[in-house]
Each structure stands twice: as structure tokens, then as C-alpha cells.
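Working notes for the structure below.
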Amino acid sequence: MTMYVLVVGPKITPPWDSAAASIGKGVLQSLAYLASHVDVATTCVELKRIIRNYGFVPSGVKDFEGFYGNKIRWHVVRHYSNQLLNEIKLTLIASMLIHNGDYDFLFYIGIPRNLLSIRLLGRACKAFILYVYTIPSIQSILALKYLTAKAQKLMSKLMIFTSSLHAYRILKTHLNLQHINVVPPVIDTSVFKPLNNISNYSSSHLRLGYVGPLHTPRFPVRDIAKVLVSLKSRGINASLHIRGLLRHGRRDRPYAYNIEKLFKRLLGEVNVDVKIGQLSRGELNEFYNSIDILLYMFSLSREAEIADPPLVPLEALSAGTPLIVSAGSSLDFYLKSLVENGFVISIKNPDNIVDAIYTLSSIDRNRYGFVTHTYIEHIFSPKSVAQRIKGILEEAEIL
């Protein structure tokens, strides 16, 4: 199928592991299966370093420009602190690309801040797809409501895509839009997979893991300390292995760098391994395979809900790591079959974590890894998501 696609995203290549970067990466991986040619307009300072370090191509691939068969062509402007200026520059570049080419549709990743993007891009494209990855504030809702109302008057084909059920609920409630398409986030199952050297649970020692931002709503030390105490009372010695990120920079640093001291103050001697910083995807897969159970989002907070789409637990499942999550997030929707069959435990009350850990600690890791990896590959691999996008576009008579 001959298909030309333009992707615009002011934030899809930032120098940190954010939702925007992950969604942007997933969209590009899927479109590489779907389209003959993809143009990408984005802002960045060091594009090659970002693409290499943050997983836009599989580990081990040296020629990132030729990885997709030269399907993807980058149009990059320097990133400045003024977000509106970045967006205007990208819009002008994208409008020139549209003028010189014939694109089947345009993916805009994020929420446009002004009507200039809608006017210049929307009229020229056969279809304008707005990919909303998160809605963090009421201001974002109001801006999106205004822009979509104007956009529907300017163009015939406006489509809303999202991978976040949190965003989906808000869009349905506040924007009164009839057609919002939920598209699964992309997990590179060729990288995240069970390794041959994994071992089943040892009754003498249990390795618990956490990957994600290190601040109180997402990583409550006091709650986790209670879990470790309860496990010890049942005769289970547990160690905690943390791979954290500083999502809010200087604001998170005092908490993150004192986590070990906080645990020692609460528990005395405790086996806690904390490493802060970005891991390559290969290193992350090895970490998932080295732990017995991954704990994710068991602080039932609004911030945890907004953190959708939950990429870390999906990566862990693809790697065959047993998973405990809090109820109410997108995982309940995406992993419904695994939850119903006991492969993933979804809890409503943090007090139930110990029972969930005890249940998962006796599973057969080899069988578990085969089932969960196959499930993730069937729904979340780039090829599967590409087929989902293709089906939506064919139904809308865009393809």
C-alpha cells in the first residue's frame, strides 16, 4: 500500500523518558509498518543522541536513519524554552511539507496551543488525526474543546486518537465527541522478552522491583515499608530493587536521593538497591528478568491515573515479570483477560499487596513469561497497533 504520512509533535523527542517521547516513538514504529513514507517534524537539540538513547530504534542497530528502510525523514528545528514559538516554527515547516507533497493523513501528537496549526495544517490534509496522550489540567481541556470546535468547521476529517483511558473519559465527558479511537500503546516485544537465565521464586529470598518516577505519590516509602515488614512476619525475606527517574528535576531530588535513608529510619537494616537515571531498553529488559515481582502504581492517586498509558508494566509483562497494579487505571482495560485469569493482580486497597505478592511468588516463571509475552505481542507490538490504526482509517474511509 502506498501511503504518505506527516507526523508533527513539538515534544516527541525530548531528552528525558516522558509520555510524549514514548507515544511518539510508538506512533513512528507503527507507521513504519503501515506507510510507504513518513515525514516527522519535531523539535530537538541533539537528535541522534536522543534517538539512540531513548529507544527510537532497537538496541544494536547502528544506522538509525536507514533502520526503517529510509521510510522516515526527519525535519528538526532547535528546541527553545518558548513552547508557542516551537509550535509555530513546526507548523510552518509542516505546512511547507504539505504544500510540496501529497499526504494521506497527518498525525499531530499532543494538543495544539493555537488555531494557526489547525488552519494551516487542517485545510491542506485529507485527514487530521489529533493524538492526545495525556490531559494534565483543566486548561488543557478548555483549549482542546475550543480547538476541536473550530477544527470541525475547518475540515471534514478530524479524528481523535488516544492511548489513555483517563484522557478518553475526559474527552467523552467534556468535549461531547462521538468518535474517539482508543489505540493501544506500542511495546517493542523484540526487545522486552523473557530471558533464558531467569529462575523461579526462591522461598528464602524475594526480589521486588519498581521502575518509574521517584516522588511520594508514585513511590510512597511508608506504604512499601509496611509491605516489607508484613512479608518478614510471614517468613519471607524481601529485597527491594529500584530504578528511578527524576520526573520533576530539582523538586524530586531530595526525596529520591534519600530513599535508602528513609527505609533505614523506618525499618533499620533493609536490603534496598536504588539506582537513579535512564536505562537503555536492553538494560531495562535485563532488570525486569532479574526481579521476581514488579510493583506499580499502588498509590491510588490522581497522578497515577494520569500516568496512562502505563508503559512500564506492559514492558515488564512482555519480559515475563509477574505484576501487581492498582485498580482503576488503563491496565484494568488493556489487561482484562490477564487479570481475570490471575496472571496480573489488580488491587483496590494497598493493604492487600502482601497477599498478592504471596500469591504470585509461587508461579512458574517460564509458563508465565510465555503467556504474558504472547499476550503483549498480540495486542501491543508495533505491527499489531499498525493493523489497529489501519482498520480505524479504513472504517473512516480515509484509506
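Per our numbering, residue -2 is the first one in the sequence shown, and the count goes up by one each step. All C-beta atoms in this analysis are idealised placements derived from N, C-alpha and C, irrespective of residue type, glycine included.
Reducing DSSP to helix, strand and coil, say where residue i ends up.
i: residue 72; result: strand
i: residue 88; result: helix
i: residue 272; result: strand
i: residue 93; result: helix
i: residue 236; result: strand
i: residue 452; result: The structure shown does not extend to residue 452, since the chain spans only -2 to 396, so no value can be given for it.
i: residue 252; result: helix
i: residue 260; result: helix
i: residue 100; result: coil
i: residue 363; result: helix
i: residue 210; result: strand
i: residue 220; result: helix
i: residue 189; result: coil
i: residue 242; result: strand
i: residue 267; result: coil
i: residue 1; result: strand
i: residue 138; result: helix
i: residue 231; result: coil
i: residue 331; result: helix
i: residue 385; result: helix
i: residue 23; result: helix
i: residue 395; result: coil
i: residue 55; result: Note that residue 55 scores a pLDDT of 48, beneath 50, so its modelled location is shaky; the value from the coordinates is reported in the next line. The answer is coil: DSSP assigns residue 55 none of H, G, I, E or B.
i: residue 358; result: coil
i: residue 132; result: coil
i: residue 172; result: coil
i: residue 353; result: helix
i: residue 78; result: coil
i: residue 338; result: coil
i: residue 379; result: helix
i: residue 215; result: coil
i: residue 115; result: helix
i: residue 183; result: coil
i: residue 315; result: helix
With 16 as the cutoff for other CB atoms within 10 Å, does residue i come out buried or exposed?
i: residue 170; result: exposed
i: residue 388; result: exposed
i: residue 289; result: buried
i: residue 345; result: exposed
i: residue 352; result: exposed
i: residue 364; result: exposed
i: residue 234; result: exposed
i: residue 348; result: exposed
i: residue 81; result: exposed
i: residue 219; result: exposed
i: residue 312; result: buried
i: residue 274; result: exposed
i: residue 253; result: buried
i: residue 240; result: buried
i: residue 104; result: buried
i: residue 262; result: exposed
i: residue 392; result: exposed
i: residue 91; result: buried
i: residue 139; result: exposed
i: residue 176; result: exposed
i: residue 84; result: buried
i: residue 215; result: buried
i: residue 232; result: exposed
i: residue 265; result: exposed
i: residue 143; result: exposed
i: residue 317; result: buried
i: residue 334; result: exposed
From the DSSP output, read off the bridge partner residues of residue i.
i: residue 343; result: 322
i: residue 204; result: 236
i: residue 156; result: 126
i: residue 6; result: 39
i: residue 34; result: 1
i: residue 478; result: One cannot answer for residue 478 here, as it falls past the ends of the chain, which runs -2 to 396.
i: residue 105; result: 5 and 127
Under the assumption that residue i contacts residue j (Cβ atoms under 8 Å), give the Cβ distance between them as a whole number of angstroms.
i: residue 74; j: residue 94; result: Actually they do not touch by this definition, with Cβ atoms about 13 Å apart.
i: residue 319; j: residue 360; result: 6 Å
i: residue 32; j: residue 77; result: Contact doesn't hold; Cβ gap of about 30 Å is too wide.
i: residue 4; j: residue 35; result: 6 Å
i: residue 395; j: residue 124; result: 5 Å
i: residue 107; j: residue 382; result: Incorrect: roughly 18 Å between the Cβ atoms, too far for contact.
i: residue 279; j: residue 188; result: 7 Å
i: residue 242; j: residue 221; result: Not quite, the Cβ-Cβ distance comes to about 17 Å (not below 8 Å), so this is no contact.
i: residue 115; j: residue 164; result: The Cβ separation is near 19 Å, so there is no contact.
i: residue 19; j: residue 308; result: 5 Å
i: residue 330; j: residue 162; result: 5 Å
i: residue 118; j: residue 145; result: That belief does not hold up - the Cβ atoms of residue 118 and residue 145 are roughly 14 Å apart, past 8 Å.
Counting only beta-carbon atoms, is residue i nearer than 8 Å to chain B?
i: residue 260; result: Chain labels in this structure do not include chain B; a single protein chain is all it has.
**Request:** Indicate whether the contact test is met: 3 or more Cβ pairs, each with one atom in the segment 249 to 264 and one in the segment 365 to 375, closer than 8 Å.
**Result:** In this structure the segment 249 to 264 does not lie against the segment 365 to 375, because fewer than three pairs of beta carbons, one per stretch, are closer than 8 Å.
Original post:
Taking three-plus beta-carbon pairs below 8 Å as touching, is the segment 206 to 219 in contact with the segment 266 to 285?
Top reply: Yes, the segment 206 to 219 touches the segment 266 to 285.
Counting Cβ pairs closer than 8 Å, one from the segment 213 to 227 and one from the segment 177 to 193, do we hit at least three? Taking 8 Å as the limit for Cβ pairs, the verdict is that the segment 177 to 193 does not touch the segment 213 to 227.
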